[in-house]
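Accompanying notes for the structure given below.
Protein chains in written order, with the UniProt record's numbering: chain A, 1 to 280; chain B, 1 to 298.
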């Protein structure tokens with residue numbers, strides 16, 4: 001059995017805790033600085049020496065964003081696009097995953113490899129043809145352009161995630177429905193969907209985050225301020241009024257809330273979504 | 001069941017998987033495979049996208065890119081940015097995972113730290129870029145701390161001097177990306193059977209010996225898969241660099257993605273940009289083949 005009483009052992013434990021504190025500083029200080037700067041005035045942000053806690057706590061930056069319909073629109077756009085893509089992706093991926101997990105068919109292996117390999121397609125490669133297509137079909141600067149193109153990147157991962165989840169569920173349940181004369185379609189909706197809710201949640205979380213974070217297509221395939229999403233909005237803020245740092249930080253805090261919220265509420269699903277595929 | 005009914009049922013079973021897969025396959029074909037073919041086509045045309053009847057250009061655009069010193073600089077920066085990021089993501093991820101897995105710390109503290117150490121992962125690339133711009137401003141907090149500690153003699157313009165800009169963006173990316181390794185390695189560590197360590201204890205193994213001969217070999221499959229994925233994804237990083245430095249100053253942080261983007265949407269040379277995009281695609285595909293082979297071999 002291990003002993004914990006020697007001086008050397010105590011020293012190691014102390015050293016470990018110092019290292020943990022250093023790690024915490026590394027991981028969290030930048031985020032703390034964003035948060036505290038969002039409550040400062042623009043002059044206090046660059047005060048010398050820097051103020052760790054806001055000396056004059058102010059909500060002016062948040063008021064400037066929440067009171068501006070142009071900036072609120074960025075949030076609406078992000079929620080709308082990410083929400084729509086999430087619903088579509090989950091539905092389509094669920095069907096594909098059911099096909100992969102419950103049937104054996106010709107070409108299954110190669111289709112699976114195709115889907116795994118599409119995870120690594122560089123977005124910049126697809127950007128130029130997307131731009132060409134979106135312009136020629138007249139959907140440049142519309143929600144439709146973003147929704148369609150986001151699907152390409154959310155779908156492969158969602159299929160892999162859902163297939164992995166469905167493979168862990170016993171087949172007997174839905175096979176029983178089929179034996180009783182039901183079709184696989186009824187088995188899917190009556191049996192598989194209700195018991196795979198955790199997998200559906202994980203997939204939705206992952207898909208939503210991917211869309212919420214997307215920058216390149218939102219930058220290129222939309223143009224008018226009223227069509228921009230949060231990441232582009234933050235960038236616009238940067239150009240607009242030569243560095244309203246506190247507003248940029250407040251916008252960043254507001255733009256991170258969905259992710260933080262999901263992480264705190266659904267940590268299990270979040271981590272399942274983010275690490276599936278790579279760990280397995 | 002009658003024979004007719006049974007054969008009908010069999011037919012249904014045979015067709016069903018394709019029906020379930022069809023929506024996905026239609027989307028992937030139309031929105032991924034077709035655009036990939038299109039971009040290759042563009043790279044051999046003059047005035048792609050911009051003209052309705054583009055003429056054939058042969059390898060002209062590829063030659064133009066390979067003769068452009070900025071392209072080679074971008075390739076080099078991409079390589080530096082990617083290799084350093086992956087190496088440090090792995091190292092920091094490993095150290096954090098090992099620290100959190102230690103039974104010397106209180107389980108409560110462990111759970112709190114685990115949540116906090118993952119934080120950088122929860123932020124969008126644009127937000128990470130904005131945070132680091134604030135921190136690394138010449139008048140920002142990093143400079144004032146370093147000045148007070150006497151580590152630097154005068155304010156450093158981290159993102160706007162050619163000597164430091166590439167290191168600064170790489171550092172920001174290292175900060176942003178280590179949690180993927182940390183989370184995966186932590187999951188891996190919990191999967192290593194305890195008896196391996198007990199057997200080693202009986203043999204009188206030292207801590208570092210257990211690390212080198214048990215922990216690292218057991219984690220190797222995870223380390224290799226995540227490194228490959230991280231390499232492929234880091235190579236494609238765009239928003240972080242776009243927002244912090246925009247590829248400047250004087251191309252010192254230009255990477256393949258910013259180079260291609262500027263060709264397409266600042267110079268409107270969509271043909272040459274397509275050629276550059278195809279080069280990126282080929283590099284990614286090469287690495288992807290490697291990744292898939294590795295995943296299958298496991």
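All C-beta atoms in this analysis are idealised placements derived from N, C-alpha and C, irrespective of residue type, glycine included.
#1: Using a Cβ cut-off of 9 Å (strictly closer), state whether residue 216 of chain A contacts chain B.
#2: Can you name, in chain order, every residue of its own chain whose Cβ lies under 7 Å from the Cβ of residue 118 of chain A, other than the five neighbours on each side?
#3: Could you name the residues of the same chain whose beta carbon sits closer than 6 Å to that of residue 124 of chain A, not counting the 5 residues immediately before and after it, in chain order?
#4: Does DSSP put residue 148 of chain B in a helix, a strand or coil?
#5: Just how far apart, CA to CA, sit residue 278 of chain A and residue 225 of chain B?
#6: Do residue 226 of chain A and residue 85 of chain A count as a contact pair if the criterion is CB distance below 9 Å?
#7: Run through chain A and tell me which residues come within less than 9 Å of residue 51 of chain B, C-beta to C-beta.
#8: According to DSSP, simplified to helix, strand and coil, what is residue 190 of chain B?
#9: In three-state DSSP terms, what is residue 119 of chain A?
#10: In whole angstroms, give me the CA-to-CA distance for residue 24 of chain B and residue 15 of chain B.
#11: Excluding five sequence neighbours on each side, which residues of the same chain lie with their C-beta closer than 6 Å to the C-beta of residue 88 of chain B?
#12: Can you list, in chain order, the residues of its chain with a C-beta nearer than 8 Å to that of residue 39 of chain B? Leave out the 5 residues immediately preceding and following it.
#13: Ignore the nearest five residues each way along the sequence and tell me which others in residue 90 of chain B's own chain have a CB closer than 7 Å to its CB.
#14: The segment 165 to 177 of chain B: which residues have C-beta closer than 8 Å to a C-beta of chain A, in chain order?
#15: How far does the alpha helix (DSSP H) with residue 154 of chain A in it reach, from first residue to last?
#16: Quick check on residue 46 of chain A: does DSSP put it in helix, strand or coil?
#17: Using the beta-carbon count (16 or more within 10 Å), is residue 43 of chain A buried or exposed?
#18: To the nearest angstrom, report how far apart residue 301 of chain B and residue 134 of chain A are at their CA atoms.
#19: Would DSSP call residue 56 of chain B helix, strand or coil?
#20: Can you list, in chain order, the residues of its chain with a C-beta nearer than 6 Å to that of residue 140 of chain A? Leave out the 5 residues immediately preceding and following it.
#21: Based on Cα-Cα distance, which residue from A:205, A:166 and A:181 lies nearest to residue 194 of chain A?
#22: Give the residues of chain A in contact with residue 90 of chain B, contact being defined as C-beta atoms less than 7 Å apart.
#23: Nearest to residue 246 of chain A by alpha carbon, out of A:268, A:34 and A:183?
#24: Hey, does residue 205 of chain B have any beta-carbon neighbour from chain A nearer than 9 Å?
#25: Excluding the five sequence neighbours on either side, which residues of its own chain have a C-beta within less than 8 Å of the C-beta of residue 349 of chain A, listed in chain order?
#26: According to DSSP, is residue 236 of chain B part of a helix, a strand, or is it coil?
#27: Under 8 Å by Cβ, that's how I've got residue 248 of chain A and residue 237 of chain A pegged, so tell me the actual separation to the nearest angstrom.
#28: According to DSSP, what are the bridge partners of residue 45 of chain B?
#29: Between residue 211 of chain B and chain A, is the shortest Cβ-Cβ distance under 9 Å, so that the two count as touching?
#30: Which residues in chain B have a C-beta closer than 7 Å to the C-beta of residue 213 of chain A? List them in chain order.
Result, derived from the coordinates:
#1: yes
#2: 156
#3: none
#4: helix
#5: Residue placement at residue 278 of chain A is poorly supported in this model, since its pLDDT is 47, which falls under 50; the coordinates are not used for a value here.
#6: no
#7: Result: empty, since nearest Cβ-Cβ is about 11 Å, beyond 9 Å.
#8: helix
#9: coil
#10: 16 Å
#11: 174
#12: 274, 277, 278 and 281
#13: 181, 223 and 227
#14: 175
#15: 143 to 167
#16: coil
#17: exposed
#18: Limits of chain B in this structure are 1 at one end and 298 at the other, which puts residue 301 of chain B out of reach.
#19: strand
#20: 134
#21: A:166
#22: What residue 90 of chain B touches in chain A: nothing, since even the nearest Cβ is about 13 Å away.
#23: A:34
#24: no
#25: Any answer about residue 349 of chain A is impossible in this case: the structure gives chain A only from 1 up to 280.
#26: coil
#27: 5 Å
#28: B:56
#29: no
#30: 124 and 125
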